[in-house]
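Some notes on the structure that comes next.
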Amino acid sequence: MLLADSDERIRQGLTAQLAKYQVSVVHCGDGAAALLEAGLRKPDVLLVSADLPVIDGATVLRLVRRRLSIPVVLGVGPDDTDQVGPALAAGASACVARPYRPREVAQLLSLADRGHRGWDQPLVCGPLTLDPSTYEVRMHGVSTARLPLREFQLLHLLMLHAEKVITRDRIRAELWGEGARRSNTITVHIRRLRERLGDDPHHPEIIQTVRGVGYRLVPPEA
Numbered sequence: 062m063l064l065a066d067s068d069e070r071i072r073q074g075l076t077a078q079l080a081k082y083q084v085s086v087v088h089c090g091d092g093a094a095a096l097l098e099a100g101l102r103k104p105d106v107l108l109v110s111a112d113l114p115v116i117d118g119a120t121v122l123r124l125v126r127r128r129l130s131i132p133v134v135l136g137v138g139p140d141d142t143d144q145v146g147p148a149l150a151a152g153a154s155a156c157v158a159r160p161y162r163p164r165e166v167a168q169l170l171s172l173a174d175r176g177h178r179g180w181d182q183p184l185v186c187g188p189l190t191l192d193p194s195t196y197e198v199r200m201h202g203v204s205t206a207r208l209p210l211r212e213f214q215l216l217h218l219l220m221l222h223a224e225k226v227i228t229r230d231r232i233r234a235e236l237w238g239e240g241a242r243r244s245n246t247i248t249v250h251i252r253r254l255r256e257r258l259g260d261d262p263h264h265p266e267i268i269q270t271v272r273g274v275g276y277r278l279v280p281p282e283a
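Residue numbers are given in our numbering: position 121 of the sequence shown equals residue 182, and the series is strictly consecutive.
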């Protein structure tokens with residue numbers, strides 16, 4: 062994998078952590094170097110942060126897509142969420158929240174590298190659809206407001222396993238690592254998703270709470 066990030070501590074830390082997942086990493090610190098290294102090495106996957114110096118991540122993405130047929134994952138910080146939609150439309154295989162969670166990155170790299178349907182193909186649950194290639198969510202054919210990255214990832218997880226209970230521990234591990242252990246982060250994101258989908262917050266029918274366990278997405282009626 063080729064990692065392009067301006068923060069040396071992030072580069073070194075993620076490189077060491079991904080080694081535990083048998084991911085070999087070559088890294089660089091700016092967009093120009095990323096383009097050079099990508100052309101020379103032709104890596105299996107490119108992970109590029111949105112806020113790269115010299116040449117920004119979105120431009121690197123577009124240029125790499127013109128020359129190489131490799132998966133490109135965009136790292137998105139709290140101030141970069143407006144780049145998610147355009148990046149996916151430009152051909153990004155996925156977006157991942159930055160600061161990075163090594164386990165989440167390893168999973169996304171694996172999915173992107175294999176062309177897994179979880180990130181390549183739309184998910185359909187009755188009249189609810191989620192399209193990773195355009196970063197769109199539609200209900201009865203009508204687009205919802207653009208979802209923040211974490212909400213999009215959470216909905217993707219629930220739809221990928223529709224009708225099945227997804228535990229809070231699994232949601233926490235896959236989306237936040239340890240970051241949500243002592244907070245109401247998951248509860249808040251579930252509430253916001255319900256609002257966006259028009260689900261009754263007091264008697265939800267689409268994203269149902271399984272008390273003491275987690276949540277289950279039930280496809281809404283057509």
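Each residue gets a CB set at the ideal place from its N, CA and C atoms; glycine is no exception. All of these numbers come straight from a predicted model, not from anything done at the bench.
Report, in whole angstroms, the separation of the C-beta atoms of residue i and residue j, which I expect to be a contact under 8 Å.
i: E266; j: V279; result: 7 Å
i: Y82; j: A206; result: With a Cβ gap of about 35 Å, Y82 and A206 do not count as contacting.
i: R159; j: S110; result: 6 Å
i: L107; j: C156; result: Contact flag wrong, Cβ pair sits at about 13 Å.
i: D143; j: D112; result: Actually they are not in contact, since the Cβ atoms of D143 and D112 sit about 12 Å apart, beyond 8 Å.
i: P163; j: Q78; result: 4 Å
Mapping DSSP to helix, strand and coil, what is residue i?
i: G179; result: Below a pLDDT of 50, predicted positions are generally treated as unreliable, and G179, at 45, falls in that range; the measurement from the model is reported next regardless. The answer is helix: DSSP assigns G179 an H, G or I state.
i: A155; result: strand
i: T270; result: strand
i: D143; result: helix
i: R199; result: strand
i: A65; result: strand
i: G100; result: helix
i: I71; result: helix
i: L113; result: coil
i: Y161; result: coil
i: V166; result: helix
Going by beta carbon distance, what residues of the same chain come within less than 6 Å of residue i, once the five residues before and after it are set aside?
i: R126; result: G152
i: G90; result: S67
Quick check: the Cα distance between residue i and residue j, rounded to an integer number of angstroms?
i: E282; j: S67; result: 47 Å
i: I251; j: E212; result: 8 Å
i: L170; j: R229; result: 23 Å
i: H222; j: A80; result: 29 Å
i: L236; j: G136; result: 14 Å
i: H263; j: V198; result: 23 Å
i: P147; j: D192; result: 13 Å
i: V185; j: M220; result: 8 Å
i: I131; j: L63; result: 11 Å
i: S85; j: A99; result: 15 Å
i: S244; j: H217; result: 22 Å
i: Y196; j: V145; result: 8 Å
Locate the alpha helix (DSSP H) running through residue i, then write down its first and last residues.
i: H217; result: 210-221
i: D230; result: 229-232
i: T120; result: 118-128
Within its chain, find whatever has a CB closer than 7 Å to the CB of residue i; leave out the 5 residues flanking it on each side and keep chain order.
i: Q269; result: Y276, R277, V279
i: D260; result: E266, I267, I268
i: L124; result: L96
Within the continuous beta strand (DSSP E) that includes residue i, where are the two ends?
i: V284; result: For the chain, the structure presents residues 62 to 283; residue 284 sits outside this window and is missing.
i: V249; result: V249 -> not in any beta strand (DSSP E); alpha helix (DSSP H) instead, spanning 246-258.
i: V134; result: 133-137
i: D192; result: 189-192
i: R88; result: For the record, residue 88 in the displayed sequence is His; it is not Arg. Residues 87-89.
i: L184; result: 184-186
i: R277; result: 275-278
With a threshold of 8 Å on Cβ separation, who are the neighbours of residue i within its own chain once the five nearest residues in sequence on each side are excluded?
i: G187; result: P280, P281, E282, A283
i: R120; result: In the sequence on display, residue 120 carries Thr and not Arg. Cβ neighbours of T120 beyond the five flanking positions: G92.
Say whether chain B places a C-beta atom closer than 9 Å to the C-beta of residue i.
i: T190; result: Protein chains in the displayed structure number just one, and chain B is not present.
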